[in-house]
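Undergrad: The following block contains the structure, expressed as structure tokens.
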Amino acid sequence: MKGPKAKKICRTLIIFSWTLAAALLGGVPVLEGKTFVFPEISGWRMPEKPQLFSPTTLYEYINGAADLYLSYEFQDLNVAEYRNEREAAVTVEIYRHKSPTQAFGIYSQERLANANFLDIGTQGYREPMVLNFLAGPYYVKINGYNTGVEDEKIMLIFGRKVEEMLGEKNSLPEILSSFPAEGKKKNTEKFISKNFLGYSFFHSGFTADYERSGKKFKIFVIQGNGQEDCRSMMEKYLQQTDPQVKKASEGAYRLKDHYHGEVDLFWKAKFIWGILDLEDPALRSEYLKQFENIVKK
Amino acid sequence: MIKKEMGRRDFLKSTAAGLGGFVYLSSSEKSPDEKGQEKKEGKITYRILGKTRMKLPVITMGVMNTSNPALVRAALDGGMYYLDTAQTYQRGTNESMIGEVLKGRRRDSFYIATKARLPNNQNTGIYTEEATEEAYSKKIDTSLKSLGLDYVDIYHHHNVWVRESALYEPILNSLVKAKKAGKIRFLGITTHRNEPEVIHAAVDSKVYDVVLTAYNYRQKHAEEVQKAIARAANAGLGIVAMKTIGGNVGGSYHEEKIDAKAAFKWALQDPNVHTIIAGFTTFDQFELDISVLNDLTLLRSEKENLRRAALRAGLYCQGCGSCLTQCVRQLPIPDLMRAYMYVYGYRNLGAAQDLLSSLSLPPNLCGDCSSCPVKCLNQWNVSERVQNIVRLREIPPEFIA
């Protein structure tokens, strides 16, 4: 089409020579909002319609805590409140994240190692008036009020109904089973989705807490996209302590990290294993050998 | 037992890079300045937090986004000795993590602000019957236990957006009693929306000492917030700003490059803002934030960056997909919104046109729809944007650079 109309459109649209970042032009997935129908539960009613929160509006529900959820690729939150005749109340929050690993990440940030764990969904736990669990890409949080002596029963009824409705039964991230068993404190594993250890060049990582001979420390693993990805991360990390470093090769390293103190690393293929906060060189060497064996498998 | 105000203490300057070293708190008696007045010591700019008389670096740490104790240590050791957390962050583990970091540190070498909330109606913001004084007092005790402290410097009434809740007596009673018991030094209130109403209520209450409010260059009502902040500061309240970067929070595939330094400086041009809590999650971000402490001058180029960023605000589709089930014509609305963003946010008509071509759109998009059933969670006028952007199809590609 030519003529005045096209020229008018062109005049009103300012043309610049900007180039969009590849991420904007690339194949950005269009997410489909999952229609979620809250279950009917005998003896309970929903006095108000369920609410839906998006990444833009999540802060309206959980204020400053929203940023952390967003860093775990939060997609949406469905919330419903139920009440019964005795005016006990139960709120069901269903956080959907982009993947089961991302959902595990935020779940792991809020999970206490000494929680009362249940076999529900992928994993869950209960406290008075609280039942939280993981189910595939969903992180479910159920809170009760005025549930009285029937609290446990009520929480479980709601939990099972939601679990059934979601129909997701994944396992925890596979890599967690690779952590050395000796000294590991159960249910302390966490997934950090970005800026692992506080460095923007480390994308994500898993950590677990350990204790041996009265010494507390952490073991972590970063899973790269491949060997070259790990090489790039290693070199950037090594350059933090020695800007002269040009190339990294697979194997073991000991770094003096300005922020974390002495850190031992073992890189092989697409895995970087590491130990933090352990001052015992012999114990560190023992774990480094174990990392070597893990990667060989 | 009532704790007395902090007395005179030594003060050591941080290193040139703002890293390393150990900073003691400066005595407020050393600076009997007017509230909000600025002081530069070495490479750090300080302001007084209202009637609390706490002298704070103009950038301090919001801990909510991290579980990394090394970052908190870096902040404390680097001169950011004011930490902000909340009981809800990571279900209390954020407070516990901070508590571990604080072990062994002199109590007078840091300030801690934390907060708690009680159940309210999410639509009205009004407290429900579960919100009792006793429940709130338990929250305060829980925070102290998690942090491993006998007292905190500020305890905030968390996430308030209506006047009625700001003045809610059970919570105010709990806070006042906790103050009298020496568990908290100062009362605060936090707000993320409807900020002017909450700030004015805080002033009118004559109970609050500090306000923590969202404040940034993108807020459509920034002028109202500014006026409310001015009134509060003139009444002696300390003003802490948050969400100052004002960026898109849309998720992994819409991350903007925002000039964070410029955004901080914008907020700090307002002398009534006494400090900003920055939610950094990397050491690089921490070092960038430290650099702002040195020089608050907002450059022309930085102003321009913010102007453009403000223009782009409100153009990012979050991809929630709600519209897909609402549109009776089953239009690919998220993609159309993306095309809209390419044009009006990035001035990239080529990318927009390519995208439109790839979508196999019908000639008449909205068909016979006399009204649009789509209710966008961003509150956009979707049909108007759709009608606007599809006009691009009428322009021959050779007209577009």
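Going down the list, the protein sequences come from chains S and Y.
Letter 273 of the first sequence, counting from 1, is numbered 273 in our numbering, and no numbers are missing.
Letter 128 of the second sequence, counting from 1, is numbered 128 in our numbering, and no numbers are missing.
From the three backbone atoms N, C-alpha and C, an ideal C-beta is built for every residue, glycine too.
Check whether the Cβ atoms of Y:Cys-366 and Y:Ser-322 sit closer than 9 Å, and answer yes or no.
TA: Working through the second sequence from its first residue, we reach residue 366 of chain Y at position 366. Working through the second sequence from its first residue, we reach residue 322 of chain Y at position 322. Going by C-beta atoms, Y:Cys-366 is not nearer than 9 Å to Y:Ser-322.
Undergrad: Tell me the residue span of the beta strand (DSSP E) that contains S:Leu-52.
TA: Along the first sequence, read from residue 1 onward, the residue named residue 52 of chain S stands at position 52. 51-53 is the span of the beta strand (DSSP E), which, as asked, contains S:Leu-52.
Undergrad: By Cβ distance, which residues of its chain are closer than 7 Å to S:Pro-50, with the 5 residues on each side in sequence left out?
TA: Here the question's residue 50 of chain S lines up with position 50 in the first sequence. Excluding positions up to five away in sequence, the list reads Phe-38, Asn-78, Val-79, Ala-80.
Undergrad: Whole-angstrom Cβ separation of S:Gln-109 and Y:Ser-67, contact assumed at under 8 Å?
TA: The residue you call residue 109 of chain S lines up with position 109 of the first sequence. The residue you call residue 67 of chain Y lines up with position 67 of the second sequence. Confirmed, Cβ separation roughly 6 Å.
Undergrad: What residues of chain Y sit near S:Asp-67, judged by a beta carbon separation below 8 Å?
TA: Here residue 67 of chain S corresponds to residue number 67 of the first sequence, with the count starting at 1. Those within 8 Å of S:Asp-67 in chain Y are Met-64, Asn-65, Val-249, Gly-279.
Undergrad: In whole angstroms, what separates the C-alpha of Y:Ser-371 from that of Y:Gln-122?
TA: Here residue 371 of chain Y refers to the residue found at position 371 of the second sequence. Here residue 122 of chain Y refers to the residue found at position 122 of the second sequence. So the alpha carbons of these two residues sit roughly 29 Å apart.
Undergrad: Please list the partners that Y:Pro-119 has in chain S, where partner means a Cβ-to-Cβ separation under 9 Å.
TA: In the second sequence, counting from the first residue as 1, residue 119 of chain Y sits at position 119. Per Cβ cutoff of 9 Å: Ala-89, Thr-91, Asn-143, Tyr-145.
Undergrad: Among the candidates S:Lys-194, S:Phe-206, S:Thr-241, S:Glu-262, whose CA atom is the shortest distance from the CA of S:Ile-272?
TA: For the purposes of this step, residue 272 of chain S is taken as the residue at position 272 of the first sequence. Per the Cα distances, S:Phe-206.
Undergrad: Out of curiosity, what's the CA-to-CA distance linking Y:Asp-77 and Y:Met-341?
TA: The residue given as residue 77 of chain Y occupies position 77 in the second sequence. The residue given as residue 341 of chain Y occupies position 341 in the second sequence. C-alpha separation (whole angstroms): 42 Å.
Undergrad: Restricting to Cα atoms, I'd like to know which of S:Asn-132, S:Tyr-61, S:Gln-102 is closest to S:Phe-74.
TA: The sequence position of residue 74 of chain S within the first sequence is 74, counting from 1. It is S:Gln-102 whose Cα lies nearest to the Cα of S:Phe-74.
Undergrad: Output, in sequence order along the chain, the residues in the stretch 182-198 of chain Y whose CB is closer than 7 Å to any CB in chain S.
TA: So the close ones are His-192, Arg-193.
Undergrad: Residues in the same chain with beta-carbon distance under 8 Å from Y:Gln-285, minus the five sequence neighbours each way, listed in chain order, please.
TA: Residue mapping note: residue 285 of chain Y aligns to position 285 of the second sequence, counting from 1. Result list for Y:Gln-285: Ala-260, Ala-278, in chain order.
Undergrad: Under 9 Å, do S:Val-140 and S:Gly-121 count as touching if we go by C-beta distance?
TA: By 1-based counting over the first sequence, the position of residue 140 of chain S is 140. By 1-based counting over the first sequence, the position of residue 121 of chain S is 121. Cβ distance < 9 Å, so S:Val-140 and S:Gly-121 count as in contact.
Undergrad: Quick one: what does DSSP say S:Phe-179 is sitting in, helix, strand or coil?
TA: Residue 179 of chain S sits at position 179 when you count from the first residue of the first sequence. Coil at S:Phe-179, not helix or strand.
Undergrad: Please report the distance separating the alpha-carbon of S:Arg-160 from that of S:Gly-144.
TA: Here residue 160 of chain S refers to the residue found at position 160 of the first sequence. Here residue 144 of chain S refers to the residue found at position 144 of the first sequence. Roughly 15 Å between the two C-alpha positions.
Undergrad: Determine the extent of the alpha helix (DSSP H) in which Y:Val-386 is found, giving its start and end residues.
TA: As a position in the second sequence, residue 386 of chain Y is number 386, starting the count at 1. First-last of the alpha helix (DSSP H) with Y:Val-386: 382-389.
Undergrad: For S:Ile-175 versus S:Gln-223, is the C-beta spacing smaller than 9 Å?
TA: Locating residue 175 of chain S in the first sequence gives position 175, where the first residue counts as 1. Locating residue 223 of chain S in the first sequence gives position 223, where the first residue counts as 1. Taking 9 Å as the Cβ cut-off, S:Ile-175 and S:Gln-223 qualify as a contacting pair.
Undergrad: Would you report the Cα separation of Y:Pro-397 and Y:Leu-336, rounded to the nearest angstrom?
TA: Taking the second sequence and counting its residues from 1, one reaches residue 397 of chain Y at position 397. Taking the second sequence and counting its residues from 1, one reaches residue 336 of chain Y at position 336. Roughly 18 Å separates the two Cα atoms.
Undergrad: Closer than 8 Å by C-beta to S:Lys-289: which residues in its own chain qualify, once you throw out the five before and the five after it? Chain order, please.
TA: If you number the first sequence from 1, residue 289 of chain S lands on position 289. Correct list: empty, nothing qualifies.
Undergrad: Kindly give me the distance between the Cβ atoms of Y:Ile-184 and Y:Val-211, rounded to whole angstroms, as I take these residues to be in contact under 8 Å.
TA: Position 184 of the second sequence, counted from the start, is the residue given in the question as residue 184 of chain Y. Position 211 of the second sequence, counted from the start, is the residue given in the question as residue 211 of chain Y. That belief does not hold up - the Cβ atoms of Y:Ile-184 and Y:Val-211 are roughly 15 Å apart, past 8 Å.
Undergrad: Does the stretch 111-118 of chain Y come into contact with the stretch 152-170 of chain Y, if we say contact requires no fewer than three beta-carbon pairs (one atom in each stretch) closer than 8 Å?
TA: The stretch 111-118 of chain Y, when compared against the stretch 152-170 of chain Y, does touch it at the 8 Å Cβ threshold.
Undergrad: Using C-beta distances below 7 Å, list every residue in its chain close to S:Asp-280, excluding the 5 sequence neighbours before and after it, in chain order.
TA: Counting from one through the first sequence, the residue named residue 280 of chain S turns up at place 280. Around S:Asp-280: Lys-215.
Undergrad: Taking the C-alpha atoms as reference points, what is the distance between S:Ser-171 and S:Ser-177?
TA: Counted from its first residue, the first sequence places residue 171 of chain S at position 171. Counted from its first residue, the first sequence places residue 177 of chain S at position 177. Straight-line Cα distance between these residues: approximately 11 Å.
Undergrad: Could you please tell me which residues of the stretch 205-226 of chain S, in chain order, have their CB closer than 8 Å to any CB of chain Y?
TA: So the list is empty, because no residue satisfies the distance condition.
Undergrad: Note down, in chain order, all residues in the stretch 260-286 of chain Y with a beta-carbon under 7 Å from any beta-carbon belonging to chain S.
TA: Result list: Gly-279, Thr-281, Thr-282, Phe-283, Asp-284.
Undergrad: Hey, could you find the ends of the beta strand (DSSP E) S:Asn-143 is sitting in?
TA: Here residue 143 of chain S is taken as the residue at index 143 of the first sequence, counted from 1. Element bounds for S:Asn-143: 138-145.
Undergrad: Start and end of the alpha helix (DSSP H) containing Y:Leu-147?
TA: Mapped onto the second sequence, residue 147 of chain Y falls at position 147. 133-147 is the extent of the alpha helix (DSSP H) around Y:Leu-147.
Undergrad: If contact means a Cβ-Cβ distance below 9 Å, which residues of the stretch 245-264 of chain S contact chain Y?
TA: Result list: Asp-257, His-258, Tyr-259, His-260, Gly-261.
Undergrad: Using CA coordinates, which residue listed in S:Ala-181, S:Ala-248, S:Glu-40, S:Ser-42 is at the minimum distance from S:Asn-293?
TA: Counting from 1 along the first sequence, the entry for residue 293 of chain S is found at position 293. Looking at the Cα atoms, S:Ala-181 is the closest of the given residues.
Undergrad: Whole angstroms are fine: how far does the CA of Y:Arg-91 sit from the CA of S:Asn-146?
TA: Counted from its first residue, the first sequence places residue 146 of chain S at position 146. Counted from its first residue, the second sequence places residue 91 of chain Y at position 91. About 21 Å.
Undergrad: Taking C-alpha atoms, which residue in Y:Thr-93, Y:Val-207, Y:Pro-332, Y:Asn-378 lies nearest to Y:Ile-389?
TA: By 1-based counting over the second sequence, the position of residue 389 of chain Y is 389. Considering only alpha carbons, the answer is Y:Pro-332.
Undergrad: To which residues of the same chain is S:Asn-84 closer than 8 Å at the C-beta, ignoring the five residues directly before and after it?
TA: Within the first sequence, the letter at position 84 stands for residue 84 of chain S. Around S:Asn-84: Gly-43, Trp-44, Arg-45.
Undergrad: Does any C-beta atom of chain Y lie closer than 9 Å to the C-beta of S:Asn-187?
TA: As a first step, residue 187 of chain S is located in the first sequence; it is residue number 187 there, counting from the start. No, S:Asn-187 lies away from the interface with chain Y (no Cβ there is under 9 Å from its Cβ).
Undergrad: For Y:Asn-381, which residues in chain S fall below 7 Å Cβ to Cβ?
TA: To locate residue 381 of chain Y, count along the second sequence from 1; it is residue 381. Those do not exist, as Y:Asn-381 stays about 16 Å from chain S at its closest Cβ, beyond 7 Å.
Undergrad: Quick test of the definition: if touching needs 3 or more C-beta pairs under 8 Å, does the stretch 153-167 of chain S touch the stretch 239-246 of chain S?
TA: No: the two stretches stay apart, fewer than three of their Cβ pairs being nearer than 8 Å.
Undergrad: Can you pull the chain Y neighbours of S:Ser-71, defined as C-beta to C-beta under 8 Å?
TA: Position 71 of the first sequence, counting from 1, holds the residue named residue 71 of chain S. By Cβ distance, chain Y contributes Asn-65, Thr-281.
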